[in-house]
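This report concerns only the one structure given below.
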Amino acid sequence: MEIAGFFAAFIIGITLGLIGGGGSILTIPVLVYLFHIPPTIATGYSLFIVGISSLAGSYNSFRKGNIDMKAVLYFGITSIITVVLIRRLLIPIIPEHLFNLWSFAVSRSFLTMILLAVVMILASFNMIYKPTPKRSHHTPDMHYGKALVRGVEIGILTGLLGAGGGFLIIPVLIFSFHLSMKKAIGTSLLIIALNALFGFASDLSQYEIHWQLLLTLTAIAVAGTFVGNLLGLKIPGEKLKKGFGIFVLLAGCYIILHELFIK
């Protein structure tokens, strides 16, 4: 199972490097089902893995001038604040047992996995059915307000579930900031990195961290990110995005079935 987990970490990195998002949403299922880490702690581990992997991927984009710092600033203002507030103030006060639904006890771990599965399924439809958005040349105004609001949404997603939210960030970068696809991917990676690492820093005092496992998974994911950057020069990201979307859809359905019927 651990070998499968290490391989999955590599795939997560490849996806982040190739299409600027999507891969991070698989980090929680890998940690929970393959390494048997409790979901609440897994969200914190995911923040570190996703953060370092995205930072490594964004370095290559930075060298090539494919990061828009204005967009990073507008997203970062609200998203980082939201992530830190959620990880520092909200997560610690959520009880493990939430409520009973008839005879079924709904726990925080169960709800975390179900919410993650729903987000995965929604993200998969984005990947499968929505074509990669083209840069708009017809709208002269940059919708900074929309970026600020999106920043809060990304912060909530990252803070609660440890996912990067690249599938939400990239369309806004293209339509509101009129970035090319390459710049949107690079900018998305840096935004994800900042959100995740600030979120992880907020978790450091809250539980003991298995650093050996965490650093091993992170190193594998970082290697995958660099491979993804290289593949992006040769393979159309659109085709891989649809194939990966199908995989994310199946994984999301599996989580729901596992949590409801198998566990």
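Position one of the sequence shown corresponds to residue 13 (the numbering used here), numbered consecutively onward. No residue lacks a Cβ here, since even glycine has one placed at the ideal position from N, Cα and C.
Cβ neighbour criterion (16 or more within 10 Å) applied to residue i
i, result
"F116", "exposed"
"I48", "Ile is not the amino acid found at residue 48; the sequence shown has His there. H48 comes out exposed."
"L269", "exposed"
"P104", "exposed"
"I258", "exposed"
"G17", "buried"
"Y45", "buried"
"P107", "exposed"
"R99", "buried"
"K82", "exposed"
"G255", "exposed"
Given residue i as reference, the closest of the options once Cα atoms are compared
i, options, result
"F111", "L243, G63, S121, I103", "S121"
"F3", "L30, G17, F19", "Residue 3 lies beyond the residue range present for the chain, which begins at 13 and ends at 275; the question has no answer from this structure."
"Q224", "L272, G236, I61", "I61"
"I40", "L160, T27, L28, G56", "G56"
"M132", "L97, K76, L169, L59", "L169"
"V96", "L127, I26, S214", "S214"
"S65", "T27, L101, I140", "T27"
"G88", "Y71, V239, L209", "L209"
Alpha-carbon to alpha-carbon, residue j and residue i
i, j, result
"V42", "G198", "25 Å"
"G157", "I15", "44 Å"
"I23", "Q218", "29 Å"
"S78", "F273", "Here residue 78 is Asn; the residue named in the question, Ser, does not match the sequence. For N78 and F273, the distance between alpha carbons rounds to 46 Å."
"Y86", "V184", "11 Å"
"I92", "A21", "24 Å"
"H109", "S192", "46 Å"
"V130", "G174", "14 Å"
"V161", "T124", "23 Å"
"I221", "D80", "34 Å"
Length-filtered (4 minimum) alpha helix (DSSP H) runs lying within the region 97 to 183: For the region 97 to 183, whole alpha helix (DSSP H) runs of length 4 or above, ordered along the chain, are 120 to 141, 156 to 173.
In chain order, each alpha helix (DSSP H) run of at least 4 residues that lies wholly inside the region 193 to 253: Complete alpha helix (DSSP H) runs here, min 4: 193 to 215, 223 to 243.
Alpha helix (DSSP H) runs contained entirely in the region 39 to 78, provided each spans 4 or more residues: Fully enclosed alpha helix (DSSP H) runs of 4 or longer: 51 to 75.
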